Amino acid sequence: MNRLRLLKEGLLGLVFPEVCQICKEAHATPGEGYLCAGCRGALRPVERPFCERCGLPFHGDVTVVFQCPNCHEMELNFESARSVFAAQGVGRELIHKYKYNRAFWFEPLFAELLRARVVPVTRTERWDCVVPVPLHPAKLREREFNQAERLARLVSQSTGLPVRGDLLRRVAHTDTQTKLTRAERAANVRAAFTGAGGSRIPSKRVILVDDVFTTGATTNACAGVLRESGAAAVCVWTLARGV
Ligand SMILES: [Zn+2]
Ligand SMILES: [Zn+2]
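According to this note's numbering, the sequence shown is numbered sequentially starting from 118.
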């Protein structure tokens, strides 16, 4: 550990006691993102077997032909979607506190978890830039940050790929859509995004980043816009996966 980091952790230690921010009991350092070993062990990583396309984990015999219930009915605009951990238990709490309580102190942990998964891929496959799923400007004013953009920066730091926040815009809210059918929801979400300023992104291979992947409607809509703007391919990375 270098001196600067030691100093930074020391200073943070004065402000925040070194206590796990999930169980509020066990010791956890700033470098660990204030998550103790026990709570970290309770995180459920998203591992194979999962749908090779949308990343949905499944259980049982992997030799049978797997008909993925998630992407079966969808026309997918992305090559693949991958996530780091399941949005359950500790995983769900982390995301919730990050998004709604500005728990940015989890970021060293998120950076480490993302790096471990994304870097092996970017070493073997060519990807050109990182694009966060945008927030609607009104929502951004209310929340004051876009969690997807912060995560995109973490992916950028570990891969060396630039963040291109200028390639997508969100032009509508799509929060509460529970009364709509899946098809209506998809159409609404699709209309919520546009390419930014008509700028073409010829043959770029784009890593799209969001905090959570649930049905994939949002990321799929974004991937569609990016493809229409000229992107050669889109892959999706999220921190958490709704399962
Ligand atoms: Zn803990
Ligand atoms: Zn699938």
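All C-beta atoms, glycine included, are put in the ideal place defined by N, C-alpha and C. Only a predicted model underlies this, so the values are computations on that prediction, with no experimental measurement involved.
Taking DSSP's pairing of strands, which residues face residue i in a bridge?
{"i": "Asp327", "result": "Thr355"}
{"i": "Arg199", "result": "Trp354"}
{"i": "Val248", "result": "Leu325"}
{"i": "His144", "result": "Val136"}
{"i": "Pro162", "result": "Phe202"}
{"i": "Phe175", "result": "According to DSSP, Phe175 bridges with nothing at all."}
{"i": "Phe167", "result": "Pro174"}
For residue i versus residue j, is the C-beta distance shorter than 9 Å?
{"i": "Val288", "j": "Val247", "result": "no"}
{"i": "Gly312", "j": "Arg281", "result": "no"}
{"i": "Asp327", "j": "Lys216", "result": "no"}
{"i": "Met191", "j": "Ala348", "result": "no"}
{"i": "Trp244", "j": "Ile324", "result": "yes"}
{"i": "Arg170", "j": "Cys156", "result": "no"}
{"i": "Leu193", "j": "Asn305", "result": "no"}
{"i": "Ala309", "j": "Thr291", "result": "yes"}
{"i": "Ala357", "j": "Ala204", "result": "yes"}
{"i": "Val360", "j": "Glu196", "result": "no"}
{"i": "Thr239", "j": "Leu278", "result": "yes"}
{"i": "Cys188", "j": "Gly333", "result": "yes"}
{"i": "Leu231", "j": "Ala220", "result": "no"}
{"i": "Phe330", "j": "Trp222", "result": "no"}
{"i": "Gln274", "j": "Ala228", "result": "yes"}
{"i": "Val236", "j": "Thr276", "result": "yes"}
Quick one: measure Cβ to Cβ for residue i and residue j, integer angstroms, because I've assumed they're closer than 8 Å.
{"i": "Leu152", "j": "Ile139", "result": "6 Å"}
{"i": "Phe367", "j": "Leu160", "result": "Only positions 118 to 360 of the chain appear in the structure, and residue 367 is not among them; the question remains open."}
{"i": "Ala79", "j": "Val342", "result": "For residue 79 there is no data in the structure shown, the boundaries of the chain being 118 and 360."}
{"i": "Pro249", "j": "Ala265", "result": "4 Å"}
{"i": "Pro147", "j": "Val201", "result": "Not quite, the Cβ-Cβ distance comes to about 20 Å (not below 8 Å), so this is no contact."}
{"i": "Glu224", "j": "Gly150", "result": "7 Å"}
For residue i, decide whether its Cβ has a neighbour in chain C, counting only Cβ atoms nearer than 9 Å.
{"i": "Gly148", "result": "The structure shown contains no chain C, having only a single protein chain."}
Within the segment 261 to 323, note down every full alpha helix (DSSP H) run reaching 4 residues or more, in order along the chain. Counting only runs of 4 or more, we get 264 to 276 and 299 to 308.
Near ligand 2, which residues have their beta-carbon less than 5 Å from any of its heavy atoms, given in chain order? Chain order is used for the residues whose beta-carbon lies nearer than 5 Å to a heavy atom of ligand 2, namely Cys168, Arg170, Cys171, Leu173, Cys185, Asn187 and Cys188.
Those residues, in chain order, that have a beta-carbon closer than 5 Å to some heavy atom of ligand 1: These are the residues, in chain order, with a beta carbon less than 5 Å from any non-hydrogen atom of ligand 1: Cys137, Ile139, Cys140, Ala143, Cys153 and Cys156.
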